[in-house]
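Numbering (my numbering), first residue to last: 232 to 371. We treat Cβ as the ideally placed atom computed from N, Cα and C, and that holds for glycine. Here the structure is a predicted model, which is why all the values come from computation and not from measurement.
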Amino acid sequence: MEARGEEGSATVEFVLLAALLLIPVIYFLMLTSQIQSAAYASVAAADQAAKAMAGAPDASSAAGRADEVVALTLGDYGLDPSVAQSALSCSTSPCLEPGSSVSVEVAIRVPVPLLPQGLGWDAAVATVTSNSQQPVPRFG
Numbered sequence: 232m233e234a235r236g237e238e239g240s241a242t243v244e245f246v247l248l249a250a251l252l253l254i255p256v257i258y259f260l261m262l263t264s265q266i267q268s269a270a271y272a273s274v275a276a277a278d279q280a281a282k283a284m285a286g287a288p289d290a291s292s293a294a295g296r297a298d299e300v301v302a303l304t305l306g307d308y309g310l311d312p313s314v315a316q317s318a319l320s321c322s323t324s325p326c327l328e329p330g331s332s333v334s335v336e337v338a339i340r341v342p343v344p345l346l347p348q349g350l351g352w353d354a355a356v357a358t359v360t361s362n363s364q365q366p367v368p369r370f371g
């Protein structure tokens, strides 16, 4: 009987195992970074929209101003404004009375990374929601 050498395939096994473990970890990091980015964007959008709404000269322009600020803020974070919904409310009627407050809620749907959108299914993995409330200046 002849002795055989200990020639293994450890390099191949290591590369295969590393790829099998590394790909899901990278995908998980992409997903968590998208959720965190949406969280930052929703907080900033709600805060800035509430400030813009509270500082509006009249109630008729307040909603348009807030929606425009939400779209601009989401664009700053690299998000499409179509993935967000905003809800505006006032503490008094009519809106924007001095001393009252305005509230803005922004909800952003976070899509699954690397999955094509628009194929007929809901590709959202999470929805991030933020609220902001701002007082209307007494002396505007």
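- Would you say A283 and A293 are within 9 Å of each other, going by their C-beta atoms? As a working mapping, residue 283 is identified with position 52 in the sequence shown. As a working mapping, residue 293 is identified with position 62 in the sequence shown. When the beta-carbon positions are compared, A283 and A293 come within less than 9 Å of each other.
- T360, DSSP secondary structure in three states: Sequence index remark: in the sequence shown, residue 360 carries index 129 (1-based). The answer is strand: DSSP assigns T360 an E or B state.
- Look up I339 in the DSSP assignment and give the residues it is bridged to. Translated into positions along the sequence shown, residue 339 becomes position 108. Answer is A315, V359.
- Buried or exposed: I339, going by 16 or more other Cβ atoms within 10 Å of its Cβ? By 1-based counting over the sequence shown, the position of residue 339 is 108. Buried: at least 16 other Cβ atoms inside 10 Å.
- Pairwise C-alpha distance: V335 and S317: On the sequence shown, position 86 is the one that residue 317 refers to. On the sequence shown, position 104 is the one that residue 335 refers to. Going by the C-alpha atoms only, they are around 7 Å apart.
- Message: Less than 9 Å between the C-beta atoms of V333 and V301, yes or no?
- Response: The residue given as residue 333 occupies position 102 in the sequence shown. The residue given as residue 301 occupies position 70 in the sequence shown. No, they are not a contact pair.
- Query: What is the DSSP secondary structure of A367, counted as helix, strand or coil?
  - Reply: As a first step, residue 367 must be located in the sequence shown, where it is residue number 136. What sits at residue 367 in the sequence shown is Val, not Ala. Three-state result, V367: coil.
- Query: So what does DSSP say about S291, is it helix, strand or coil?
  - Reply: By 1-based counting over the sequence shown, the position of residue 291 is 60. Correct three-state label for S291: helix.
- Measure the alpha-carbon distance for V359 versus I266 and round it to whole angstroms. The residue labelled residue 359 in the question sits at position 128 within the sequence shown. The residue labelled residue 266 in the question sits at position 35 within the sequence shown. When rounded, the distance between both Cα atoms is 8 Å.
- Message: To the nearest angstrom, how far is the alpha carbon of S291 from that of P312?
- Response: For the purposes of this step, residue 291 is identified with residue 60 of the sequence shown, where counting begins at 1. For the purposes of this step, residue 312 is identified with residue 81 of the sequence shown, where counting begins at 1. Between S291 and P312, the C-alpha separation is close to 22 Å.
- Task: Can you check DSSP and say which residues form a bridge with V333?
- Result: Along the sequence shown, read from residue 1 onward, the residue named residue 333 stands at position 102. In DSSP, V333 forms a bridge with C321, Q365.
- Message: Comparing C-alpha positions only, which one of R369, F370, S363 sits nearest to V274?
- Response: What you label residue 274 is simply residue 43 of the sequence shown in a count that begins at 1. Ranking R369, F370, S363 by Cα distance to V274 puts S363 first.
- By Cβ distance below 6 Å, which residues in the same chain neighbour S320 in space, the five residues on each side in sequence not counted? Residue mapping note: residue 320 aligns to position 89 of the sequence shown, counting from 1. Spatial neighbours of S320 in its own chain (CB-CB distance under 6 Å, excluding positions within 5 residues in sequence) are listed in chain order as S334.
- Message: Taking 9 Å as the threshold (C-beta atoms), are V337 and A249 in contact?
- Response: Residue numbering aside, residue 249 sits at position 18 when the sequence shown is read from its first letter. Residue numbering aside, residue 337 sits at position 106 when the sequence shown is read from its first letter. Not in contact: A249 and V337 (Cβ atoms no closer than 9 Å).
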